[in-house]
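A.B. asks:
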Amino acid sequence: MAASRNHPHRVRAMRSPGAEIWKHSLPWFVLIAVAALVLAWRLQLSFDLSLFLPRSNDLTQKILLKQMASGPGSRFILIGIEGDDSAGLAMASDRLKDSLAADPEFLQVQNGLPPDEEASIPPVIVDHRFVLADLDYSEDALRQALESRLQDLAFAGGPQLIELIAEDPFLSVLDILQQLTPVEYIGDRWFSADGQAVLMAETRSAATDISAQTQAIEKIKSAFALLGPASPLQLELTGFGAFGVELQRTIRSEATWRSITATLMIMLVVAVAYRRTRMVLLAAIPLGVGALFGLAVVALAFHEVHGITLAFGFTLLGIAIDYPLHLFSHARLAPPATAMERIWPTVRIGALSTLMAYVAIMLAGSKGLAQLGLFTAGGLVAAIAVTRYWLPHLVRQTNTRPPASPAASGRAQLLILPAIIVLLGSLAAASVVSSGDLWEDSLASLSPVPAERLLQDQQLRSALGAADLQYQLVLQDSDLESLLSRNEQLESRLAEAKSAGVLAGWQSVSALLPSRELQQLRRDRIPEQLELERRLDAAAKNLPFHERAFDPFLAAAGKARTAQALTPADYRGTPFAAWLDAHLFQVDEVWVSLTFLVNPDPAALGKRVASWAPGPVLVDVSQSSDGLLRAFRNGTIRAVSIAALLMVGLLLLDRHRPRRILWLALTVAAALAVTIACVTLMHEKLTVIHLIGLLLVFGLGLDYALFFSRDESAAERGCTRHALLACSASTVLAFGILGGSSIPLLKNLGVTVAIGSAASFLLAWAGRSRATRDLSRAAA
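Residue numbers (the numbering used here): 542 to 1321.
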């Protein structure tokens, strides 16, 4: 028999440990290679701020979201100059305006002074001016127009103005352009309340094109630097595009050092807890594979991956470090595979609870948060699979002591009263601190832009006499021509309201795109060329104009009588394309027109609009955005509630004792209440981002409570405490680092999870007493 056991063929047939490890590792290496190829093929980064706006199925709210992402003003970069007296700032404003206006990157640059009338007029306006304005071709109207032009020439008679008057004695093109300006010119340069000179630059590129916006901002900075190398002037830039560029820069800088710091902190916790370099390296495997797989899933599901997903999703996925730590701690009492089998039912329940929290984030209603939730959910599944099926083959048993005998095990005593006391006390404290309304419903709470930068943007915008974007009139129709006709009827009613002092003015799509019916009516009003020439000669009688001075006007009028109808396609590639898109667009195959109001009286206008049925809808953007966020929050709360009910059902199916389920529920609820109380003490009100953090706390709290409530031996209890202490410490450190971010969205998330993790651990630990039978009683 001995000879048989030592047979050389039998020895060769035995696998070495290295061969066993390679056998179990090869499939994972293949999957890792596939994920890496997916990233090389699909990964594209985006820094579009609109991705973090909530989604909605309501048409009005979809219109609101479209405005926030690409509406009027989204292409505007607001420029503030300070550091000198008003005269010096005015001079700097003029010089910077002239420099930027010559750059094709900008569609327009304004600083408060009216546009130069002698500047070149866009051809699309010149060619279609006869159908864009209601012109009176009577002799009296022509005479009045010619007399006004004489006065214009007396004050500013340049060659370009003379040429313009010859083509357009009404100067209708200037009136048309004035209707399109996003601001009201008051005859002087813009200054903010704190004395800054203010300019507005409209970029040719969309605000979501961060690369182009970066280039535009660099051009502004370069032009500003040319004002004087030793100048005391200071530059401030705000606006949607400027904030996107700042966010990109912040993410890149913070992602580097915060990710490195969080990784080092987690490695330090693992090193202190297990005192072996090998354990630190093995703990990194589930995290690395999870991050790779999670990112690959997002790259496949979305055309672009937001920078926040890439930069800080790794931190959210950091709680997956818990799973290898559970394995390492319990492998001190049994071989790794055996230890994994023993703790797997509890690990599985805890992982499912965390996964549900991540899925709730994914379904919260924001594309950016959906990416974040999908990344962490996919990464979590990969990390738990690696821990369950690969890691046990790589881990060595860390302690040779045999596991405790079954006789030494005992049932945990779960103390319910402390959890109830903490739960009620924390909820009471939160209600007192929040002073009534617990929730912050402003969309600014979802913004990754710091509050002080938003305030600076508001201060600069207040210097512009712009249309009030808070109040808008919305018209909807399935047919474009019908919508344009209704919009023209609306304009006549708004003119009556303006005469009554209900509003100061408005901006409407009718200024650029009249209906075909109105265009034809205006063409029909143009007299035939001989008749128009006769009227013009009569109007110019005794005026010092050359006999054939207005031949260009007569030729253009004759051409306009038979011209093709003006369509949206005529504005493509022109400076007015963005303006038209902001006032006229399609949502779900429904045409929508927006009319922006200048200094309206909302109450008085609301009464008038109510009588215009069926007609426009007066929308308060601020109120609608708050309602949108409330709907977003309520949807997230529903997702949380469903997740909680599913977890209770899962525990019942897993045959957990009713008393244990009650203890689990109360302990998790108490941890959530403590977190809410602390967060409201720090931030006064909760945002949707805090709510998402509470989802993660729910998953963590249930995981900790499940392990602390297991029936196990005294030795196993020591392993459990050791593992959970390491888990909680790593989570608190990782999310605490995230809580120091300068990006409000991430700061709120990090603070919430760090506090919640600590509270969950302490409450679960404090709520579990010693086992009913310890080792000595079992031995007796």
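Beta carbons are placed, not taken as given, at the ideal position from N, Cα and C, and that holds for glycine. This one's a predicted model, so the numbers in the text were calculated from it and none came from an experiment.
Rounding to the nearest angstrom, what Cα-Cα distance links P568 and L828 in this structure?
C.D. replies: Counting from one through the sequence shown, the residue named residue 568 turns up at place 27. Counting from one through the sequence shown, the residue named residue 828 turns up at place 287. Cα-Cα distance, rounded: 18 Å.
A.B. asks: Am I right that V1043 and D1161 are in contact with their C-beta atoms under 8 Å? What's the rounded C-beta distance?
C.D. replies: Working through the sequence shown from its first residue, we reach residue 1043 at position 502. Working through the sequence shown from its first residue, we reach residue 1161 at position 620. Contact flag wrong, Cβ pair sits at about 16 Å.
A.B. asks: Please state if the CB of A832 and the CB of G1323 are separated by a distance shorter than 8 Å.
C.D. replies: Outside the shown range of the chain, which is 542 to 1321, sits residue 1323, and nothing can be said about it.
A.B. asks: Would DSSP call A742 helix, strand or coil?
C.D. replies: For the purposes of this step, residue 742 is taken as the residue at position 201 of the sequence shown. Note: A742 maps to strand in three-state DSSP.
A.B. asks: So what's G914 in DSSP terms, helix, strand or just coil?
C.D. replies: Numbered from 1 along the sequence shown, position 373 holds the residue referred to as residue 914. It is helical.
A.B. asks: Distance check for I807 and T1293, CA to CA, integer angstroms please.
C.D. replies: Taking the sequence shown and counting its residues from 1, one reaches residue 1293 at position 752. Taking the sequence shown and counting its residues from 1, one reaches residue 807 at position 266. About 19 Å.
A.B. asks: Grouping DSSP H, G and I as helix and E and B as strand, with all else coil, what is G854?
C.D. replies: Position 313 of the sequence shown, counted from the start, is the residue given in the question as residue 854. Correct three-state label for G854: helix.
A.B. asks: Can you give the beta carbon distance from L1213 to I1202, rounded, assuming they're within the 8 Å contact cut?
C.D. replies: One-based indexing of the sequence shown puts residue 1213 at position 672. One-based indexing of the sequence shown puts residue 1202 at position 661. About 16 Å; that fails the 8 Å criterion.
A.B. asks: Would you say the segment 1095 to 1111 touches the segment 1137 to 1156, given that touching needs at least three Cβ pairs under 8 Å?
C.D. replies: Taking 8 Å as the limit for Cβ pairs, the verdict is that the segment 1137 to 1156 does not touch the segment 1095 to 1111.
A.B. asks: Below 8 Å between beta carbons: does that hold for E708 and A1081?
C.D. replies: Position 167 of the sequence shown, counted from the start, is the residue given in the question as residue 708. Position 540 of the sequence shown, counted from the start, is the residue given in the question as residue 1081. Not closer than 8 Å, so no.
A.B. asks: Which one of W1120, A766, D675 has the shortest CA to CA distance from A633?
C.D. replies: Walking along the sequence shown from the start, residue 633 turns up at place 92. Nearest of W1120, A766, D675 to A633, Cα basis: A766.
A.B. asks: Smallest Cα separation from A764: which of E787, L1014, D644, W731?
C.D. replies: Stepping through the sequence shown from its first residue, residue 764 is reached at position 223. Comparing Cα positions, the closest option is D644.
A.B. asks: Report the residue from Q737, F1248, Q1017 whose alpha carbon sits nearest the alpha carbon of H1124.
C.D. replies: Counted from its first residue, the sequence shown places residue 1124 at position 583. It is Q1017 whose Cα lies nearest to the Cα of H1124.
A.B. asks: Would the beta-carbon of E845 fall within 8 Å of that of S587?
C.D. replies: As a first step, residue 845 is located in the sequence shown; it is residue number 304 there, counting from the start. As a first step, residue 587 is located in the sequence shown; it is residue number 46 there, counting from the start. Cβ distance < 8 Å, so E845 and S587 count as in contact.
A.B. asks: Whose C-beta lies closer than 8 Å to the C-beta of R1076 among residues of the same chain, with five residues either side of it excluded?
C.D. replies: Taking the first residue of the sequence shown as 1, we reach residue 1076 at position 535. These residues qualify, in order along the chain: Y678, S679, E680, L683, P1068.
A.B. asks: Can you tell which of G1190, L1243, A1255, G1281 has its C-alpha closest to the C-alpha of L1304?
C.D. replies: Position 763 of the sequence shown, counted from the start, is the residue given in the question as residue 1304. Looking at the Cα atoms, L1243 is the closest of the given residues.
A.B. asks: For the beta strand (DSSP E) containing I618, list its first residue and its last residue.
C.D. replies: Numbered from its first residue, the sequence shown carries residue 618 at position 77. Segment 617 to 623, the beta strand (DSSP E) holding I618.
A.B. asks: My parser needs the beta strand (DSSP E) runs of 3 or more residues fully inside the segment 1072 to 1153; what are they?
C.D. replies: Runs found: 1125 to 1128, 1131 to 1139.
A.B. asks: Determine the contact status of A778 and G624, defining contact as a CB-CB distance below 8 Å.
C.D. replies: Residue 778 sits at position 237 when you count from the first residue of the sequence shown. Residue 624 sits at position 83 when you count from the first residue of the sequence shown. Per the sequence shown, the amino acid found at residue 778 is Leu instead of Ala. In this structure, G624 does not lie closer than 8 Å to L778 by Cβ.
A.B. asks: Using 8 Å as the threshold, is the segment 864 to 874 in touch with the segment 1283 to 1302, meaning 3 or more CB pairs across them?
C.D. replies: No: fewer than three Cβ pairs fall under 8 Å.
A.B. asks: If we call anything under 8 Å between Cβ atoms a contact, is R730 one with I706?
C.D. replies: Numbered from 1 along the sequence shown, position 189 holds the residue referred to as residue 730. Numbered from 1 along the sequence shown, position 165 holds the residue referred to as residue 706. Cβ distance not < 8 Å, so R730 and I706 don't count as in contact.
A.B. asks: Return the residue from the list E1032, G1280, Q1060, H1224 that minimises the CA-CA distance to Q1048.
C.D. replies: If you number the sequence shown from 1, residue 1048 lands on position 507. Selected option, being the one with the closest Cα: E1032.
A.B. asks: Taking L1286 and I1230 to be in contact with their CB atoms under 8 Å, please state how far apart those CB atoms are, rounded to whole angstroms.
C.D. replies: Within the sequence shown, numbered from 1, the residue matching residue 1286 stands at position 745. Within the sequence shown, numbered from 1, the residue matching residue 1230 stands at position 689. Rounded, the Cβ-Cβ distance is 5 Å, consistent with contact.
A.B. asks: For F834 versus A923, is the C-beta spacing smaller than 8 Å?
C.D. replies: Here residue 834 is taken as the residue at index 293 of the sequence shown, counted from 1. Here residue 923 is taken as the residue at index 382 of the sequence shown, counted from 1. Yes, the pair counts as a contact, with Cβ atoms nearer than the cut-off.
A.B. asks: Report yes if the C-beta distance between T1208 and A1246 is below 8 Å; otherwise report no.
C.D. replies: The residue given as residue 1208 occupies position 667 in the sequence shown. The residue given as residue 1246 occupies position 705 in the sequence shown. Going by C-beta atoms, T1208 is nearer than 8 Å to A1246.
A.B. asks: Could you tell me the alpha carbon to alpha carbon distance between A1180 and L965, rounded to whole angstroms?
C.D. replies: On the sequence shown, residue 1180 is found 639 positions in, with the first residue counted as 1. On the sequence shown, residue 965 is found 424 positions in, with the first residue counted as 1. Between A1180 and L965, the C-alpha separation is close to 24 Å.
A.B. asks: Among A734, P1157, L1071, R745, which one has its Cα closest to the Cα of Q1030?
C.D. replies: Taking the first residue of the sequence shown as 1, we reach residue 1030 at position 489. Closest option to Q1030, Cα to Cα, is P1157.
A.B. asks: Roughly how many angstroms separate the alpha carbons of I761 and E743, rounded to a whole number?
C.D. replies: Start at 1 with the first residue of the sequence shown, and residue 761 comes out as number 220. Start at 1 with the first residue of the sequence shown, and residue 743 comes out as number 202. Near 12 Å, if we compare the C-alpha coordinates of E743 and I761.
A.B. asks: Could you compute how far the alpha carbon of I1275 sits from the alpha carbon of R1034?
C.D. replies: Along the sequence shown, read from residue 1 onward, the residue named residue 1275 stands at position 734. Along the sequence shown, read from residue 1 onward, the residue named residue 1034 stands at position 493. Just to set this straight, residue 1275 is Ala in the shown sequence, not Ile. Taking the straight line joining both Cα atoms gives about 59 Å.
A.B. asks: Can you list, in chain order, the stretches of the alpha helix (DSSP H) that have 4 or more residues and sit fully within the segment 763 to 792?
C.D. replies: Fully enclosed alpha helix (DSSP H) runs of 4 or longer: not present.
A.B. asks: Could you please give the first and the last residue of the uninterrupted beta strand (DSSP E) stretch that includes F647?
C.D. replies: For the purposes of this step, residue 647 is identified with residue 106 of the sequence shown, where counting begins at 1. First-last of the beta strand (DSSP E) with F647: 647 to 651.
A.B. asks: Can you tell me whether L1054 is buried or exposed? The criterion is at least 16 other CB atoms within 10 Å of its CB, across all chains shown.
C.D. replies: On the sequence shown, position 513 is the one that residue 1054 refers to. Result: buried.
A.B. asks: What is the rounded straight-line gap between the Cα of S946 and the Cα of S1301?
C.D. replies: Sequence index remark: in the sequence shown, residue 946 carries index 405 (1-based). Sequence index remark: in the sequence shown, residue 1301 carries index 760 (1-based). Note that S946 has pLDDT 41, beneath the 50 cutoff, so the model's placement of it is unreliable and the number below is only indicative. So the alpha carbons of these two residues sit roughly 30 Å apart.
A.B. asks: Which value, in whole angstroms, describes the spacing of the CA atoms of G1176 and S907?
C.D. replies: Locating residue 1176 in the sequence shown gives position 635, where the first residue counts as 1. Locating residue 907 in the sequence shown gives position 366, where the first residue counts as 1. Cα-Cα distance, rounded: 11 Å.
A.B. asks: Classify T895 as buried or exposed, calling it buried when 16 or more other Cβ atoms lie within 10 Å of its own Cβ.
C.D. replies: Along the sequence shown, read from residue 1 onward, the residue named residue 895 stands at position 354. Buried, by the Cβ-count rule.
A.B. asks: Can you check which of these residues, L1073, W1204, L935, V1128, is closest to S1019 by C-alpha distance?
C.D. replies: For the purposes of this step, residue 1019 is taken as the residue at position 478 of the sequence shown. Cα-wise, what sits closest to S1019 is V1128.
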